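Each residue of the sequence shown is one higher than the one before, counting from 11 in the numbering used here. Backbone N, C-alpha and C define an ideal beta-carbon position, used for all residues, glycine too. This one's a predicted model, so the numbers in the text were calculated from it and none came from an experiment. Shown next, in structure tokens, is the structure this report addresses.
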Amino acid sequence: MATTNQCNWCSDELASLVRNESTLIEVPAGEVIMNPGDPVQGAYILEQGAVKLFRICEFGNRHLLYMLQKDGMCALSALTSLIGGTIGIMAEAETPSKIWVLSKGFANELFVENVEWRNMVLRSILSSWQDSMFMLDQVAFKPLKSRLVFYLSTHAELSSRQIVAKSHAEIAEELYVSREAVSRTLKTMEKEGTVHLGHGSIKVLNIQATSC
């Protein structure tokens, strides 16, 4: 994205300052950007694409925390950059993504000196906390069907054809449930006419109208 384009995540003045001091990296879909225990290079801002953040348990299983989409800041990278330490999550590109990486030193200087940047960091921390609490509520209080409705509707927005290119096993891994349970629920949803199941993909039809 050219630096002359209007910025959607902050003022053009701050965007110009950030981009001049940042490195733009391009990440293909499926590539891991950060692993638990990795040192933080600085603040990450998603210019284009979608990135998923996972919590990894001691046995290596992973659970989806939330998905960061276009113009979003990775709050954990910004916060860890400020207070030190290593990252506690895994970040993986869901779609081909472009990410601005602002160096740790300059990000910290901005946090002290620039009110707009400081507010941007604080808002992103609040937003990520709210997204994580929403996912926790889904796990604790919602039936699997409701969780699948949210998962599929969110992922369908990434496709112009409303297609989620995921197998039942991949969805089960991210939601940390059994593949059999996912398959049973999806087949029920297909009978209701809300989705169409293909080979390794799911076409979302009228999922917003589903009663969960």
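Check	Outcome
CA-to-CA distance, Ile97 to Arg72, given in whole angstroms	15 Å
Alpha carbon of Gly115 to alpha carbon of Asp22, nearest angstrom	22 Å
Where Thr209 falls: helix, strand or coil (DSSP)	Checking the sequence, you will find His at residue 209 rather than Thr. Reduced to three states, the DSSP call for His209 is coil.
Gln7 (DSSP reduced to helix, strand or coil)	Absent from the model: residue 7. The displayed extent of the chain is 11 to 222, so no value can be given.
Phe121 - DSSP class collapsed to helix/strand/coil	helix
Proximal residues to Leu27 (C-beta, below 6 Å), its chain only, five neighbours per side dropped	none
Top-ranked residue by Cα proximity to Asp48, from Pro38, Leu74, Gln58, Ala101	Ala101
For Ile35, three-class secondary structure by DSSP	strand
Distance between Ile93 and Ala219 (C-alpha atoms, nearest Å)	Any answer about Ala219 is weak, because its pLDDT of 40 lies below 50 and its placement is not dependable; what the coordinates show is given next. One C-alpha to the other measures close to 44 Å.
Distance between Glu123 and Val61 (C-alpha atoms, nearest Å)	29 Å
Span of the alpha helix (DSSP H), counted from its first residue to its last, around Ile181	178-185
Own chain partners of Arg171 with C-beta closer than 8 Å, once the 5 adjacent residues on each side are dropped	Lys213
6 Å CB neighbourhood of Pro106 in its chain, flanking five on each side removed	Pro38, Ala39, Gly59
DSSP state of Phe64 mapped onto helix, strand, coil	strand
Where Lys2 sits in the DSSP three-state scheme	Look at the range of the chain in this structure, 11 to 222, and you will see that residue 2 is not part of it.
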